[in-house]
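Engineer:
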Amino acid sequence: MDIYDIIIVGGGPAGYTAALYAARAGLSTAVLEKSSPGGQMTLTGDIDNYPGFDEGIDGFTLGMRMQKGAERFGAVTLYAEAESLSLEGKIKSVRAGNSEYHGRAVILAMGAYPRRLGLSNEEALTGRGVHYCAHCDGRFYKGREVAVVGGGNSAAEDALYLSGLAKSVVLIHRRDSLRAEKIYRTRLFEKDNITVLYNSEIALIDGEDSLKGITVKSTSDSSVRRLYPDGLFVSVGREPATGIVKGALALDRGGYIIADESTGTSLPGVFAAGDIRTKSLRQVITAASDGASAAYHAQRYLESLGGE
(Lines of atoms letter the chains of each structure in order from A and count residues from 1; the text may use other names and numbers.)
(Lines give C-alpha, C1' and ligand atoms only; values in the text may rest on other atoms or scores of the structure.)
Protein backbone atom coordinates (compact mmCIF):
# COMPACT_ATOMS: atom_id res chain seq x y z
CA MET A 1 0.00 0.00 0.00
CA ASP A 2 1.45 3.34 -1.08
CA ILE A 3 1.21 5.98 1.63
CA TYR A 4 1.79 9.66 0.95
CA ASP A 5 3.09 11.96 3.63
CA ILE A 6 0.32 14.42 2.83
CA ILE A 7 -2.88 14.12 0.82
CA ILE A 8 -4.51 17.40 -0.14
CA VAL A 9 -8.17 17.33 -1.13
CA GLY A 10 -8.86 20.23 -3.48
CA GLY A 11 -6.67 21.94 -6.06
CA GLY A 12 -7.49 25.60 -5.53
CA PRO A 13 -5.10 28.28 -4.26
CA ALA A 14 -5.10 26.80 -0.75
CA GLY A 15 -4.52 23.26 -1.99
CA TYR A 16 -1.72 24.04 -4.42
CA THR A 17 0.05 26.43 -2.06
CA ALA A 18 -0.02 23.67 0.55
CA ALA A 19 1.32 21.26 -2.06
CA LEU A 20 4.12 23.66 -2.97
CA TYR A 21 5.25 24.07 0.62
CA ALA A 22 4.91 20.38 1.46
CA ALA A 23 6.69 19.09 -1.63
CA ARG A 24 9.42 21.71 -1.28
CA ALA A 25 9.99 20.41 2.25
CA GLY A 26 10.64 16.96 0.81
CA LEU A 27 7.28 15.42 1.73
CA SER A 28 5.54 13.07 -0.69
CA THR A 29 2.44 15.01 -1.65
CA ALA A 30 -0.68 14.27 -3.68
CA VAL A 31 -3.44 16.70 -4.65
CA LEU A 32 -6.90 15.32 -5.44
CA GLU A 33 -8.72 17.68 -7.80
CA LYS A 34 -12.05 16.83 -9.40
CA SER A 35 -11.93 19.27 -12.32
CA SER A 36 -9.28 21.84 -13.20
CA PRO A 37 -6.46 23.43 -11.18
CA GLY A 38 -7.56 26.59 -9.42
CA GLY A 39 -10.96 25.49 -8.15
CA GLN A 40 -13.56 28.26 -7.96
CA MET A 41 -10.81 30.75 -8.77
CA THR A 42 -10.98 29.63 -12.40
CA LEU A 43 -14.42 31.25 -12.63
CA THR A 44 -12.90 34.69 -12.06
CA GLY A 45 -11.96 36.46 -15.25
CA ASP A 46 -9.68 39.09 -13.74
CA ILE A 47 -7.92 38.88 -10.39
CA ASP A 48 -6.38 42.26 -9.65
CA ASN A 49 -5.76 41.93 -5.91
CA TYR A 50 -3.16 39.14 -5.94
CA PRO A 51 0.37 40.55 -5.53
CA GLY A 52 2.88 40.25 -8.33
CA PHE A 53 0.61 40.87 -11.32
CA ASP A 54 0.54 44.58 -12.09
CA GLU A 55 -2.07 44.13 -14.82
CA GLY A 56 -4.03 41.41 -13.04
CA ILE A 57 -4.34 37.77 -14.06
CA ASP A 58 -7.26 35.51 -14.89
CA GLY A 59 -8.12 32.78 -12.42
CA PHE A 60 -7.57 29.89 -14.82
CA THR A 61 -4.02 30.99 -15.66
CA LEU A 62 -3.17 31.57 -12.00
CA GLY A 63 -4.48 28.11 -11.14
CA MET A 64 -2.30 26.50 -13.80
CA ARG A 65 0.75 28.38 -12.56
CA MET A 66 0.10 27.30 -8.99
CA GLN A 67 -0.15 23.68 -10.13
CA LYS A 68 3.12 23.89 -12.06
CA GLY A 69 4.84 25.49 -9.08
CA ALA A 70 3.85 22.62 -6.81
CA GLU A 71 4.64 19.91 -9.35
CA ARG A 72 8.06 21.43 -9.92
CA PHE A 73 9.01 20.12 -6.47
CA GLY A 74 7.43 16.70 -6.95
CA ALA A 75 3.79 17.08 -5.93
CA VAL A 76 1.44 14.96 -8.03
CA THR A 77 -2.10 15.77 -9.15
CA LEU A 78 -4.69 12.99 -9.06
CA TYR A 79 -7.76 13.96 -11.05
CA ALA A 80 -10.47 12.40 -8.94
CA GLU A 81 -13.35 13.49 -6.73
CA ALA A 82 -13.12 12.54 -3.08
CA GLU A 83 -16.28 10.68 -2.10
CA SER A 84 -15.51 9.60 1.45
CA LEU A 85 -12.80 10.06 4.04
CA SER A 86 -11.43 8.02 6.91
CA LEU A 87 -9.61 10.48 9.14
CA GLU A 88 -9.11 8.57 12.38
CA GLY A 89 -5.80 6.97 13.24
CA LYS A 90 -2.28 7.58 12.04
CA ILE A 91 -2.97 6.47 8.46
CA LYS A 92 -5.86 8.32 6.84
CA SER A 93 -7.60 7.42 3.61
CA VAL A 94 -9.52 9.13 0.84
CA ARG A 95 -11.82 7.12 -1.40
CA ALA A 96 -12.45 8.37 -4.93
CA GLY A 97 -14.40 6.07 -7.24
CA ASN A 98 -12.74 2.66 -7.26
CA SER A 99 -9.49 4.02 -5.84
CA GLU A 100 -8.36 4.66 -2.29
CA TYR A 101 -5.46 6.91 -1.39
CA HIS A 102 -3.60 6.86 1.91
CA GLY A 103 -1.67 9.53 3.76
CA ARG A 104 -0.21 10.29 7.17
CA ALA A 105 -1.76 13.75 7.14
CA VAL A 106 -4.67 15.26 5.23
CA ILE A 107 -5.24 18.87 4.24
CA LEU A 108 -8.83 19.66 3.33
CA ALA A 109 -9.09 22.46 0.77
CA MET A 110 -12.34 21.74 -1.06
CA GLY A 111 -13.47 25.36 -0.97
CA ALA A 112 -17.07 26.44 -1.37
CA TYR A 113 -19.64 26.35 -4.18
CA PRO A 114 -22.28 28.85 -5.34
CA ARG A 115 -25.33 29.15 -3.09
CA ARG A 116 -28.74 28.64 -4.71
CA LEU A 117 -31.77 30.88 -4.29
CA GLY A 118 -33.88 27.89 -3.29
CA LEU A 119 -36.72 28.60 -5.74
CA SER A 120 -38.79 25.77 -7.16
CA ASN A 121 -37.85 26.16 -10.82
CA GLU A 122 -34.22 27.06 -10.24
CA GLU A 123 -32.54 23.69 -10.74
CA ALA A 124 -34.63 22.83 -13.80
CA LEU A 125 -33.54 26.04 -15.53
CA THR A 126 -29.90 25.90 -14.52
CA GLY A 127 -27.94 26.23 -17.74
CA ARG A 128 -31.15 27.21 -19.53
CA GLY A 129 -31.20 30.84 -18.55
CA VAL A 130 -30.17 30.53 -14.91
CA HIS A 131 -26.42 30.61 -14.27
CA TYR A 132 -23.88 30.84 -11.46
CA CYS A 133 -20.78 31.86 -13.39
CA ALA A 134 -20.87 35.08 -15.39
CA HIS A 135 -17.38 34.54 -16.76
CA CYS A 136 -18.32 31.07 -17.98
CA ASP A 137 -21.73 31.76 -19.50
CA GLY A 138 -21.91 35.51 -20.04
CA ARG A 139 -20.78 35.18 -23.64
CA PHE A 140 -24.14 33.64 -24.52
CA TYR A 141 -25.84 36.95 -23.74
CA LYS A 142 -23.94 39.38 -25.92
CA GLY A 143 -26.27 42.24 -26.86
CA ARG A 144 -29.09 40.83 -24.71
CA GLU A 145 -30.66 41.72 -21.36
CA VAL A 146 -29.54 40.04 -18.14
CA ALA A 147 -30.14 40.23 -14.39
CA VAL A 148 -27.73 39.57 -11.53
CA VAL A 149 -28.82 38.68 -7.98
CA GLY A 150 -26.63 39.68 -5.04
CA GLY A 151 -25.00 42.64 -3.36
CA GLY A 152 -21.44 41.64 -2.54
CA ASN A 153 -18.15 41.86 -4.40
CA SER A 154 -18.87 38.82 -6.56
CA ALA A 155 -22.26 40.12 -7.67
CA ALA A 156 -20.79 43.53 -8.46
CA GLU A 157 -17.95 41.94 -10.41
CA ASP A 158 -20.42 39.80 -12.35
CA ALA A 159 -22.56 42.84 -13.19
CA LEU A 160 -19.52 44.78 -14.37
CA TYR A 161 -18.29 41.91 -16.49
CA LEU A 162 -21.71 41.36 -18.05
CA SER A 163 -22.10 45.08 -18.77
CA GLY A 164 -19.34 44.71 -21.34
CA LEU A 165 -21.32 42.02 -23.16
CA ALA A 166 -25.01 42.55 -22.54
CA LYS A 167 -27.26 45.34 -23.72
CA SER A 168 -28.40 45.99 -20.16
CA VAL A 169 -27.83 44.60 -16.66
CA VAL A 170 -30.20 44.76 -13.70
CA LEU A 171 -28.56 44.10 -10.33
CA ILE A 172 -31.12 42.89 -7.78
CA HIS A 173 -30.28 43.24 -4.08
CA ARG A 174 -32.51 42.58 -1.10
CA ARG A 175 -31.10 45.38 1.08
CA ASP A 176 -31.05 49.17 0.74
CA SER A 177 -27.32 49.35 0.03
CA LEU A 178 -24.70 47.13 -1.59
CA ARG A 179 -22.18 45.21 0.51
CA ALA A 180 -19.59 45.40 -2.27
CA GLU A 181 -16.39 47.33 -1.66
CA LYS A 182 -16.30 50.99 -2.63
CA ILE A 183 -14.16 50.38 -5.71
CA TYR A 184 -16.84 48.06 -7.11
CA ARG A 185 -19.69 50.42 -6.22
CA THR A 186 -17.92 53.29 -7.98
CA ARG A 187 -17.43 51.23 -11.12
CA LEU A 188 -21.06 50.11 -11.08
CA PHE A 189 -22.41 53.63 -10.91
CA GLU A 190 -20.16 54.69 -13.78
CA LYS A 191 -21.85 52.21 -16.13
CA ASP A 192 -24.79 53.55 -18.12
CA ASN A 193 -26.23 50.10 -18.81
CA ILE A 194 -26.36 48.88 -15.18
CA THR A 195 -29.45 49.48 -13.04
CA VAL A 196 -29.57 48.55 -9.35
CA LEU A 197 -32.85 47.46 -7.75
CA TYR A 198 -32.58 47.84 -3.99
CA ASN A 199 -34.86 46.24 -1.39
CA SER A 200 -35.78 43.56 -3.91
CA GLU A 201 -35.67 39.78 -4.10
CA ILE A 202 -36.72 37.20 -6.66
CA ALA A 203 -39.94 35.45 -5.70
CA LEU A 204 -40.49 33.36 -8.83
CA ILE A 205 -38.55 32.09 -11.83
CA ASP A 206 -40.70 31.31 -14.86
CA GLY A 207 -40.04 28.95 -17.74
CA GLU A 208 -40.13 25.30 -18.74
CA ASP A 209 -37.37 24.67 -21.25
CA SER A 210 -35.80 28.11 -20.84
CA LEU A 211 -36.05 31.23 -18.71
CA LYS A 212 -39.14 33.27 -19.59
CA GLY A 213 -39.22 35.85 -16.81
CA ILE A 214 -38.87 36.56 -13.11
CA THR A 215 -41.11 38.02 -10.44
CA VAL A 216 -39.34 40.51 -8.20
CA LYS A 217 -40.82 41.31 -4.80
CA SER A 218 -40.08 44.41 -2.76
CA THR A 219 -38.71 43.66 0.71
CA SER A 220 -40.03 46.98 1.98
CA ASP A 221 -43.67 47.07 0.83
CA SER A 222 -44.24 43.59 -0.72
CA SER A 223 -45.12 45.06 -4.12
CA VAL A 224 -44.16 42.94 -7.13
CA ARG A 225 -42.93 43.60 -10.63
CA ARG A 226 -42.21 41.42 -13.63
CA LEU A 227 -38.88 41.42 -15.43
CA TYR A 228 -37.97 39.54 -18.60
CA PRO A 229 -34.20 39.09 -18.70
CA ASP A 230 -32.74 36.66 -21.20
CA GLY A 231 -30.34 35.41 -18.54
CA LEU A 232 -30.27 35.36 -14.75
CA PHE A 233 -26.94 35.18 -12.90
CA VAL A 234 -27.07 34.20 -9.24
CA SER A 235 -24.29 35.52 -7.01
CA VAL A 236 -25.52 35.29 -3.42
CA GLY A 237 -22.54 33.74 -1.69
CA ARG A 238 -21.16 30.26 -1.35
CA GLU A 239 -21.71 27.08 0.62
CA PRO A 240 -18.73 25.19 2.07
CA ALA A 241 -18.03 21.84 0.42
CA THR A 242 -18.02 20.01 3.74
CA GLY A 243 -20.59 17.31 3.04
CA ILE A 244 -18.07 14.47 3.25
CA VAL A 245 -16.76 15.55 6.66
CA LYS A 246 -20.06 16.12 8.46
CA GLY A 247 -20.06 14.02 11.60
CA ALA A 248 -16.30 13.56 11.42
CA LEU A 249 -15.06 17.09 12.13
CA ALA A 250 -16.36 20.00 14.18
CA LEU A 251 -18.24 22.49 11.98
CA ASP A 252 -19.68 25.90 12.75
CA ARG A 253 -23.33 26.86 12.21
CA GLY A 254 -22.62 27.76 8.59
CA GLY A 255 -21.10 24.35 7.88
CA TYR A 256 -17.50 25.57 7.76
CA ILE A 257 -14.76 23.50 9.38
CA ILE A 258 -13.73 24.97 12.72
CA ALA A 259 -10.01 25.73 12.45
CA ASP A 260 -7.86 28.63 13.62
CA GLU A 261 -4.85 30.22 11.92
CA SER A 262 -2.87 27.03 12.47
CA THR A 263 -5.53 25.34 10.27
CA GLY A 264 -5.70 22.44 12.72
CA THR A 265 -9.10 20.76 13.05
CA SER A 266 -10.74 18.67 15.75
CA LEU A 267 -8.77 15.60 14.61
CA PRO A 268 -4.97 15.18 14.83
CA GLY A 269 -3.26 15.23 11.46
CA VAL A 270 -6.23 16.79 9.68
CA PHE A 271 -6.01 20.40 8.55
CA ALA A 272 -8.44 22.76 6.81
CA ALA A 273 -7.27 25.54 4.49
CA GLY A 274 -8.95 28.21 2.42
CA ASP A 275 -12.63 29.02 2.05
CA ILE A 276 -13.69 25.78 3.72
CA ARG A 277 -12.64 26.86 7.22
CA THR A 278 -13.92 29.45 9.68
CA LYS A 279 -12.39 32.83 8.84
CA SER A 280 -13.36 36.46 8.41
CA LEU A 281 -11.94 37.05 4.92
CA ARG A 282 -12.12 34.64 2.00
CA GLN A 283 -9.88 35.73 -0.86
CA VAL A 284 -7.35 34.06 -3.15
CA ILE A 285 -4.47 35.45 -1.13
CA THR A 286 -5.91 34.36 2.24
CA ALA A 287 -6.50 30.88 0.81
CA ALA A 288 -2.88 30.74 -0.30
CA SER A 289 -1.78 31.88 3.16
CA ASP A 290 -3.85 29.09 4.71
CA GLY A 291 -2.22 26.58 2.39
CA ALA A 292 1.26 27.58 3.52
CA SER A 293 0.21 27.40 7.17
CA ALA A 294 -1.46 24.02 6.72
CA ALA A 295 1.64 22.54 5.09
CA TYR A 296 3.86 23.92 7.85
CA HIS A 297 1.72 22.53 10.66
CA ALA A 298 1.22 19.23 8.83
CA GLN A 299 5.00 18.91 8.62
CA ARG A 300 5.29 19.61 12.36
CA TYR A 301 2.63 16.97 12.99
CA LEU A 302 4.50 14.38 10.92
CA GLU A 303 7.72 15.16 12.77
CA SER A 304 5.92 14.57 16.06
CA LEU A 305 5.09 11.04 14.92
CA GLY A 306 8.76 10.22 14.51
CA GLY A 307 9.22 6.84 12.89
CA GLU A 308 5.69 5.62 13.58
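For the sequence shown, the working numbering puts the final residue at 344, and the numbers step up evenly by one.
Using N, Cα and C, we set each Cβ at its ideal position, and we do this for glycine too.
Where does G267 fall in DSSP's three states?
Structural biologist: Position 231 of the sequence shown holds residue 267. In the structure shown, G267 sits in a strand (DSSP, three-state: E or B).
Engineer: Should T162 go down as buried or exposed, given a rule of 16 or more other Cβ atoms within 10 Å for buried?
Structural biologist: Looking up residue 162 in the sequence shown gives position 126. It is exposed - the Cβ of T162 has fewer than 16 other Cβ atoms within 10 Å.
Engineer: For the beta strand (DSSP E) that contains G249, what are its first and last residues?
Structural biologist: The residue given as residue 249 occupies position 213 in the sequence shown. First-last of the beta strand (DSSP E) with G249: 249-254.
Engineer: Just to confirm the assignment, what range does the beta strand (DSSP E) spanning L68 have?
Structural biologist: On the sequence shown, position 32 is the one that residue 68 refers to. Here the beta strand (DSSP E) through L68 covers 65-69.
Engineer: So what does DSSP say about D326, is it helix, strand or coil?
Structural biologist: Indexing the sequence shown from 1 puts residue 326 at position 290. Three-state result, D326: helix.
Engineer: Would you kindly work out how many angstroms separate the C-alpha atoms of G154 and L338, rounded to a whole number?
Structural biologist: Walking along the sequence shown from the start, residue 154 turns up at place 118. Walking along the sequence shown from the start, residue 338 turns up at place 302. Rounded to the nearest angstrom, the two C-alpha atoms are 43 Å apart.
Engineer: For L1, name the three-state secondary structure that DSSP assigns.
Structural biologist: It is not possible to answer for residue 1, since the shown part of the chain is limited to 37 through 344.
Engineer: Just the Cα atoms here: how many angstroms apart are S190 and M37?
Structural biologist: Counted from its first residue, the sequence shown places residue 190 at position 154. Counted from its first residue, the sequence shown places residue 37 at position 1. Their backbone Cα atoms lie some 44 Å apart in a straight line.
Engineer: Give the C-beta separation of A183 and L268 to the nearest angstrom, bearing in mind that I take them to be a contact with Cβ-Cβ under 8 Å.
Structural biologist: Sequence index remark: in the sequence shown, residue 183 carries index 147 (1-based). Sequence index remark: in the sequence shown, residue 268 carries index 232 (1-based). With a Cβ gap of about 5 Å, A183 and L268 count as contacting.
Engineer: Give the secondary structure of Y52 by DSSP, where H, G and I count as helix, E and B as strand, and everything else as coil.
Structural biologist: Position 16 of the sequence shown, counting from 1, holds the residue named residue 52. Y52 falls in the helix class under three-state DSSP.
Engineer: Would you tell me roughly how many angstroms separate the C-alpha atoms of P11 and T231, rounded to the nearest one?
Structural biologist: With the chain represented from 37 up to 344, any question about residue 11 goes unanswered, as that position is not in the structure.
Engineer: I'd like to confirm the pairing. Which residues does DSSP put opposite A286 in its beta bridges?
Structural biologist: Position 250 of the sequence shown, counted from the first residue, corresponds to residue 286. Paired residue(s): none; A286 is not in a bridge.
Engineer: In angstroms with no decimal places, state the Cα-to-Cα distance between Y220 and I39.
Structural biologist: Translated into positions along the sequence shown, residue 220 becomes position 184. Translated into positions along the sequence shown, residue 39 becomes position 3. Taking the straight line from one Cα to the other gives about 47 Å.
Engineer: Out of Y57, P49, G47, point me to the one whose CA is closest to D41's CA.
Structural biologist: Translated into the one-based positions of the sequence shown, residue 41 becomes position 5. It is Y57.
Engineer: Give the secondary structure of R313 by DSSP, where H, G and I count as helix, E and B as strand, and everything else as coil.
Structural biologist: As a first step, residue 313 is located in the sequence shown; it is residue number 277 there, counting from the start. Reduced to three states, the DSSP call for R313 is strand.
Engineer: From which residue to which residue does the beta strand (DSSP E) around E181 run?
Structural biologist: Against the sequence shown, residue 181 aligns to sequence position 145. Segment 181-185, the beta strand (DSSP E) holding E181.
Engineer: Can you tell me the Cα-Cα spacing of I143 and S204, whole angstroms?
Structural biologist: Here residue 143 refers to the residue found at position 107 of the sequence shown. Here residue 204 refers to the residue found at position 168 of the sequence shown. For I143 and S204, the distance between alpha carbons rounds to 43 Å.
Engineer: Starting from the C-beta of D245, find all residues in its chain whose C-beta is less than 7 Å away, skip the five residues before and the five after it, and write them out in chain order.
Structural biologist: Against the sequence shown, residue 245 aligns to sequence position 209. Only R164 meet the Cβ criterion.
Engineer: Give the straight-line distance between the Cα atoms of T197 and L224, rounded to the nearest whole angstrom.
Structural biologist: Counted from its first residue, the sequence shown places residue 197 at position 161. Counted from its first residue, the sequence shown places residue 224 at position 188. Thr is not the amino acid found at residue 197; the sequence shown has Tyr there. One C-alpha to the other measures close to 10 Å.
Engineer: Rounded to whole angstroms, what's the CA-CA distance from G342 to G291? Just pull it up for me.
Structural biologist: Your numbering for residue 342 matches position 306 in the sequence shown. Your numbering for residue 291 matches position 255 in the sequence shown. So the two alpha carbons sit approximately 34 Å from each other.
Engineer: Using the beta-carbon count (16 or more within 10 Å), is S185 buried or exposed?
Structural biologist: Position 149 of the sequence shown, counting from 1, holds the residue named residue 185. Here the sequence assigns Val to residue 185, which means Ser is not the residue at that position. Per the 10 Å Cβ criterion, buried.
Engineer: Verify the contact flag: R289, CB atom, against every heavy atom of the ligand FAD, threshold strictly below 8 Å.
Structural biologist: With respect to the ligand FAD, the structure offers nothing, as it holds no ligand at all.
Engineer: Between which residues of its own chain and L263 is the CB-CB distance below 7 Å, once the five residues before and five after are set aside?
Structural biologist: Taking the first residue of the sequence shown as 1, we reach residue 263 at position 227. Excluding residues within five positions, the ones whose Cβ falls inside 7 Å are A183, V206, G249, I250, V252.
Engineer: Buried or exposed for R261, please, with buried defined as at least 16 other CB atoms from any protein chain shown within 10 angstroms of its CB.
Structural biologist: As a working mapping, residue 261 is identified with position 225 in the sequence shown. The residue is exposed, with fewer than 16 neighbouring Cβ atoms inside 10 Å.
Engineer: My parser needs the beta strand (DSSP E) runs of 3 or more residues fully inside the segment 109-164; what are they?
Structural biologist: If we require 3 residues or more, the beta strand (DSSP E) runs fully inside the segment 109-164 come out as 112-115, 120-122, 128-132, 135-144, 148-150.
Engineer: Using CA atoms only, rank isn't needed, just tell me which of G51, D84, A192, A295 is closest to K218.
Structural biologist: Indexing the sequence shown from 1 puts residue 218 at position 182. The shortest C-alpha separation from K218 is found at A192.
Engineer: Once the 5 residues before and after V272 are set aside, which same chain residues still bring their CB inside 7 Å of it?
Structural biologist: Mapped onto the sequence shown, residue 272 falls at position 236. Answer for V272: R151, L153, V185, G186, listed in chain order.
Engineer: Would you mind giving the Cβ-Cβ distance between L98 and Y115, rounded to the nearest angstrom? I have them listed as a contact below 8 Å.
Structural biologist: Along the sequence shown, read from residue 1 onward, the residue named residue 98 stands at position 62. Along the sequence shown, read from residue 1 onward, the residue named residue 115 stands at position 79. About 19 Å; that fails the 8 Å criterion.
Engineer: Just the Cα atoms here: how many angstroms apart are L214 and M146?
Structural biologist: Position 178 of the sequence shown, counted from the start, is the residue given in the question as residue 214. Position 110 of the sequence shown, counted from the start, is the residue given in the question as residue 146. Straight-line Cα distance between these residues: approximately 28 Å.
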